[in-house]
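Visitor: Residue numbers (the UniProt record's numbering): 1 to 170.
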Amino acid sequence: MIKFGPPETVPERYRGRHVRVHNPSITVVRTSEGEVAELGRVIAAKLRTATGPTALCLPLRGLSTLSTPPSYGNGSPSYDNESSPSPVPVQAAGTAPVPAVGAAAAGPYHEPETDAVLFSALREDLRGSAVEIHELDTHINSTAFGRAAADRLHALIEAQAAGGAMRATA
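#1: Could you spell out where the beta strand (DSSP E) holding Leu136 opens and where it closes?
#2: Starting from the C-beta of Ala149, find all residues in its chain whose C-beta is less than 7 Å away, skip the five residues before and the five after it, and write them out in chain order.
#3: Identify which residue in Ala162, Ile26, Thr65 has its Cα closest to the Cα of Pro108.
#4: With distances taken Cα to Cα, identify the nearest neighbour of Glu158 among Arg13, Arg41, Val19, Pro53.
#5: Could you tell me which whole alpha helix (DSSP H) segments of length 4 or greater appear in the UniProt domain "UPF0261" (1-69)?
#6: Quick one: using the 10 Å Cβ neighbour count with 16 as the cut-off for buried, is Gly62 buried or exposed?
#7: Does the beta-carbon of Val36 have 16 or more other beta-carbons within 10 angstroms, so that it is buried, or is it exposed?
#8: Glu132 and Ala55 - do their beta-carbons sit closer together than 7 Å?
#9: In its own chain, which residues sit with a C-beta less than 6 Å from the C-beta of Val29, not counting the 5 before and 5 after it?
#10: Quick one: using the 10 Å Cβ neighbour count with 16 as the cut-off for buried, is Ile26 buried or exposed?
#11: Out of curiosity, what's the CA-to-CA distance linking Pro70 and Ala105?
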């Protein structure tokens, strides 16, 4: 998302896009596939400059509350899916998940195909680097993502404290 101030501060070139007024002081615009590809390249370039062990966790089911996938039968955002009878598999790039009967609607910026462009740019530009990439079949706001990211950070800290180097798995 691109963040602006009040709605009147959104430049004309963005007004034809999906614009969401968060509150009177914050307006957001959904990024395009071209913008997220460039963002992926910029993030990858910054990660490549790291001098120590580095890991990147990718939440394959969404990057913000506004990009929440549809719930799968429990009527609430599907961050954790504990009450769903079975987890929903990751969908192929360019396809949207099919919610269960009675499921809540997706967030207004739920665009798995746009997120896939970001992830692809990150993978491509980090190929051959020492940066570990961990792809997690969950939403960024899920308990599972938080735990996995914290566990990875803890492992990196422990390895660094022990004087060991982490092996890249990208």
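Beta carbons are placed, not taken as given, at the ideal position from N, Cα and C, and that holds for glycine. Predicted model only: the values in this text are computed from it and were never measured.
Guide: From the atom records:
#1: For the purposes of this step, residue 136 is taken as the residue at position 136 of the sequence shown. Segment 132-136, the beta strand (DSSP E) holding Leu136.
#2: To locate residue 149, count along the sequence shown from 1; it is residue 149. Same-chain partners within the cutoff: Cys57.
#3: Indexing the sequence shown from 1 puts residue 108 at position 108. Closest by C-alpha distance to Pro108, out of Ala162, Ile26, Thr65, is Thr65.
#4: Here residue 158 is taken as the residue at index 158 of the sequence shown, counted from 1. Ranking Arg13, Arg41, Val19, Pro53 by Cα distance to Glu158 puts Pro53 first.
#5: Qualifying alpha helix (DSSP H) stretches, in chain order: 33-48.
#6: Taking the first residue of the sequence shown as position 1, residue 62 is located at position 62. Classification for Gly62: buried.
#7: By 1-based counting over the sequence shown, the position of residue 36 is 36. Around the Cβ of Val36, a 10 Å sphere holds 16 or more other Cβ atoms; the residue is buried.
#8: Your numbering for residue 55 matches position 55 in the sequence shown. Your numbering for residue 132 matches position 132 in the sequence shown. Yes, these two residues count as a Cβ contact at 7 Å.
#9: What you label residue 29 is simply residue 29 of the sequence shown in a count that begins at 1. If we look at Val29 and ignore the five residues flanking it on each side, its Cβ neighbours are Ile2, Tyr14, Arg17, Val19.
#10: What you label residue 26 is simply residue 26 of the sequence shown in a count that begins at 1. Label assigned to Ile26: exposed.
#11: In the sequence shown, the residue the question calls residue 70 occupies position 70. In the sequence shown, the residue the question calls residue 105 occupies position 105. Whole-angstrom Cα-Cα distance: 5 Å.
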